[in-house]
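So the structure is just underneath, and the comments pick up after that.
Structure (structure tokens):
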């Protein structure tokens with residue numbers, strides 16, 4: 056039975072019975088368990104205090120602003136907050152109710168109050184989102200009614216502008232009278248509501264967002280595939296060359312990575328444009344005639360080339376860091392066991408690079424989906440992505456709710472893809488370096 | 207968040223109180239800012255002793271809106287586009303300005319009659335008029351040179367690519383003018399479905415030959431590289447390339463699109479009196495005329511025109527380069543901010559949809 060003393064289970068059993076017999080205490084006589092819990096709590100609190108600045112920073116600069124921005128996609132009180140009386144009338148009546156005298160009076164009083172408070176522009180802007188051409192109806196009417204309006208209100212308003220009697224306007228105002236709305240999301244997928252509130256597609260020449268969403272995901276996938284095809288051999292070379300050469304090559308990979316995005320984009324413009332370096336060389340060599348210069352930029356080709364180049368390091372670096380850790384003797388072993396070099400690569404080497412490949416593909420794809428400056432500069436008309444529309448709504452039309460809805464859909468789509476990736480490959484297999 | 211705002215506001219207020227009188231002006235940077243510093247700020251400080259801090263923004267309306275929304279206004283005077291001036295005024299973000307309080311012209315004409323039409327709004331006073339014009343590279347065409355907006359769309363007689371901005375505002379009008387619509391009727395046409403369709407049909411004829419630009423520096427570069435033979439461009443930029451850099455470009459004034467820049471004062475500006483004083487000083491007849499020495503943008507006052515002299519190089523006569531010269535005004539479309547406030551979103555969507563379809 057000499058083995059019994061070495062049996063680990065027996066040892067645990069002994070300790071456990073010891074605990075059962077009497078409480079273990081610290082040197083100053085306190086129960087050990089409680090002292091342990093307390094000291095652990097103190098350590099946790101100290102660790103939390105260390106993290107607190109970063110946490111506060113992330114919450115203040117990231118979570119709060121993005122949350123506020125996303126809130127705009129379904130919450131817009133531009134109408135309801137400034138037109139309280141007519142909003143109350145809408146809340147009290149059924150959809151499709153014709154405006155009665157009370158409604159006209161509420162509308163008139165709200166318009167006068169809003170014009171005096173100089174908030175009429177906000178109201179008009181909100182209604183204009185759903186019914187183009189009505190912003191000036193509100194602002195112009197506001198200028199005329201400032202200071203008061205005499206009953207009968209219906210006739211007075213119709214005399215200022217007969218659009219006030221348009222049933223579609225009343226239907227749109229009803230939509231706007233509750234601050235929470237799904238209309239921006241509908242518009243973001245090329246849908247709108249008709250007079251009865253039914254969802255339908257917008258006119259064909261207005262459809263744009265669905266096309267752009269598909270194009271964004273398709274181009275991002277193409278760019279991800281291209282960075283893989285180009286980046287894999289480079290990463291392999293970097294990982295297998297002796298340190299001195301590989302460091303030199305690494306600098307060549309990193310140098311463009313450290314160069315400004317704008318500089319890299321504009322240098323592609325210099326290279327690719329019709330009067331650019333590449334076309335000049337082709338013409339000089341006689342490959343093409345002077346009149347057949349290739350159109351390689353200001354279209355999808357330009358977007359793909361420039362973005363592939365710019366995102367290449369994001370594929371190479373994770374691949375490289377994973378490949379560095381792969382033991383070369385595995386492949387040698389496979390070869391010595393009779394595998395062809397292709398089989399050894401396919402069955403032994405490649406599967407080991409998958410964590411790096413997954414990380415690189417995720418990085419490149421997610422970055423590509425949100426790319427904005429490069430497509431704006433080199434994309435022409437066919438190389439525009441959804442982020443260009445988001446930017447246009449942020450800075451051009453100032454329809455931040457629409458920008459937020461588009462951004463939320465983009466974010467949602469990326470999260471779905473991330474979830475799919477997790478289901479198919481597993482996020483645990485991700486290795487960023 | 208709120209505490210931070212209160213703290214920084216308090217600190218900001220303290221900083222302002224500690225220094226002598228000053229006024230913070232937010233403008234667009236670049237050569238335009240230089241022209242304002244030379245023509246407005248230096249004489250203003252010399253005369254009143256009030257220091258002028260010049261701040262640059264990509265579009266001053268953006269920080270203005272953000273400052274008003276955060277209730278922490280640090281700028282006193284902002285230089286914004288007309289459409290933004292109207293919009294911000296309607297939203298209650300700006301101080302109203304009484305045109306009667308502006309200085310009269312030297313001959314006694316009151317300011318109301320001296321400014322060009324549309325230059326005085328409830329909350330804004332225009333300082334300059336600028337144009338989007340067609341410009342071409344003279345080395346690209348042998349024989350006849352293009353002279354009209356219609357020539358811009360004639361790629362057979364005048365071969366080569368065309369440059370156009372990637373937005374509906376500065377493309378649809380040009381298509382209509384080239385299609386024979388007089389400048390005065392452009393907005394009547396754009397207000398109808400047929401007119402918009404007509405504009406897109408005309409644009410279709412050069413869609414395959416068009417390079418789309420977004421930033422103001424791009425068209426000048428495209429023209430210099432020979433990537434396009436003709437493009438629309440902001441007149442101040444192309445003037446700079448022609449005169450300062452001796453590029454072989456020419457301007458076609460036919461179908462010019464005119465915009466104005468405006469000075470506005472936000473509500474809760476930290477130095478409201480100094481701001482108003484600056485605004486009156488900077489938009490008087492002499493200052494607006496002086497500015498043309500430094501940049502080819504036209505003064506918003508009629509009385510300034512006769513005072514416009516030579517460019518800062520001392521030889522170039524500025525008169526003919528002004529977007530407000532008689533030749534430039536012959537067939538010019540004036541920006542209609544009300545129209546665009548109503549229809550920008552709708553037409554932008556349609557324009558982008560048109561771009562995306564091949």
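Residue numbers (this note's numbering), protein chains in the order written: chain A, 56 to 488; chain D, 207 to 564. Note that CB positions come from ideal geometry on N, CA and C, so glycine has one too. Note that this is a predicted model, so its numbers are computed, not measured.
Cross-chain neighbours of residue i in chain A, by beta carbon under 8 Å
i	result
residue 560 (chain D)	260
residue 418 (chain D)	353, 435 and 436
residue 554 (chain D)	447, 451 and 452
Contact check, residue i vs residue j, beta carbons under 8 Å
i	j	result
residue 258 (chain A)	residue 182 (chain A)	no
residue 557 (chain D)	residue 502 (chain D)	no
residue 485 (chain D)	residue 331 (chain D)	yes
residue 458 (chain A)	residue 449 (chain A)	yes
residue 537 (chain D)	residue 422 (chain D)	no
residue 377 (chain A)	residue 398 (chain A)	no
residue 237 (chain A)	residue 405 (chain A)	no
residue 367 (chain D)	residue 417 (chain D)	yes
residue 429 (chain A)	residue 359 (chain A)	no
residue 345 (chain A)	residue 435 (chain A)	no
residue 136 (chain A)	residue 144 (chain A)	no
residue 512 (chain D)	residue 313 (chain D)	no
Residue i - containing beta strand (DSSP E), residue span
i	result
residue 466 (chain D)	455-470
residue 418 (chain D)	416-419
residue 386 (chain A)	Looking at the DSSP string, residue 386 (chain A) is not in any beta strand (DSSP E); the run it does join, the alpha helix (DSSP H), is 383-391.
residue 116 (chain A)	No beta strand (DSSP E) contains residue 116 (chain A), which DSSP labels as neither H nor E.
residue 247 (chain A)	246-248
Beta-carbon neighbours of residue i, restricted to chain A and to distances below 7 Å
i	result
residue 536 (chain D)	Result: empty, since nearest Cβ-Cβ is about 29 Å, beyond 7 Å.
residue 293 (chain D)	176
residue 433 (chain D)	328, 329 and 330
residue 550 (chain D)	452
residue 544 (chain D)	191
Span of the alpha helix (DSSP H) around residue i
i	result
residue 376 (chain A)	355-379
residue 402 (chain D)	399-410
residue 273 (chain D)	267-275
residue 518 (chain D)	Per DSSP, residue 518 (chain D) belongs to no alpha helix (DSSP H) and is neither H nor E.
residue 159 (chain A)	156-171
residue 391 (chain D)	That residue, residue 391 (chain D), is in no alpha helix (DSSP H); it is neither H nor E in DSSP.
residue 454 (chain A)	Note, residue 454 (chain A): premise wrong, no alpha helix (DSSP H); not H, not E.
residue 205 (chain A)	Element bounds for residue 205 (chain A): n/a, residue is neither H nor E.
residue 313 (chain A)	298-313
residue 321 (chain A)	316-327
residue 239 (chain D)	236-242
Identified DSSP bridge partners for residue i
i	result
residue 436 (chain D)	D:342 and D:368
residue 540 (chain D)	D:464
residue 285 (chain D)	D:469
residue 257 (chain D)	D:228
residue 130 (chain A)	A:235
residue 254 (chain A)	A:248
residue 80 (chain A)	A:86
Chain-ordered neighbours of residue i on chain A, where CB pairs are closer than 9 Å
i	result
residue 297 (chain D)	173, 174, 175, 176, 177 and 180
residue 275 (chain D)	Those do not exist, as residue 275 (chain D) stays about 11 Å from chain A at its closest Cβ, beyond 9 Å.
Chain D residues whose Cβ lies nearer than 8 Å to that of residue i
i	result
residue 188 (chain A)	548, 549 and 552
residue 439 (chain A)	558, 561 and 562
residue 444 (chain A)	558
residue 216 (chain A)	Those do not exist, as residue 216 (chain A) stays about 13 Å from chain D at its closest Cβ, beyond 8 Å.
residue 184 (chain A)	551
For residue j and residue i, believed in contact at Cβ under 8 Å, the rounded distance
i	j	result
residue 419 (chain A)	residue 320 (chain A)	Incorrect: roughly 17 Å between the Cβ atoms, too far for contact.
residue 562 (chain D)	residue 267 (chain A)	7 Å
residue 335 (chain D)	residue 529 (chain D)	6 Å
residue 267 (chain D)	residue 286 (chain D)	5 Å
residue 260 (chain D)	residue 231 (chain D)	6 Å
residue 161 (chain A)	residue 141 (chain A)	4 Å
residue 458 (chain D)	residue 354 (chain D)	7 Å
residue 337 (chain D)	residue 463 (chain D)	6 Å
residue 382 (chain D)	residue 395 (chain D)	6 Å
residue 294 (chain D)	residue 470 (chain D)	7 Å
Contact list for residue i against chain D, beta-carbon separation under 9 Å
i	result
residue 267 (chain A)	558 and 562
residue 295 (chain A)	Here the premise fails: no neighbours, minimum Cβ distance about 42 Å.
Under 7 Å from the C-beta of residue i: neighbouring residues of chain D
i	result
residue 426 (chain A)	Near residue 426 (chain A) there are no residues of chain D at all, since even the closest Cβ is about 15 Å away, more than 7 Å.
residue 194 (chain A)	296
Below-8 Å beta-carbon distance, residue i vs any chain C residue
i	result
residue 263 (chain A)	The displayed structure is made up of protein chains A and D, and chain C is not among them.
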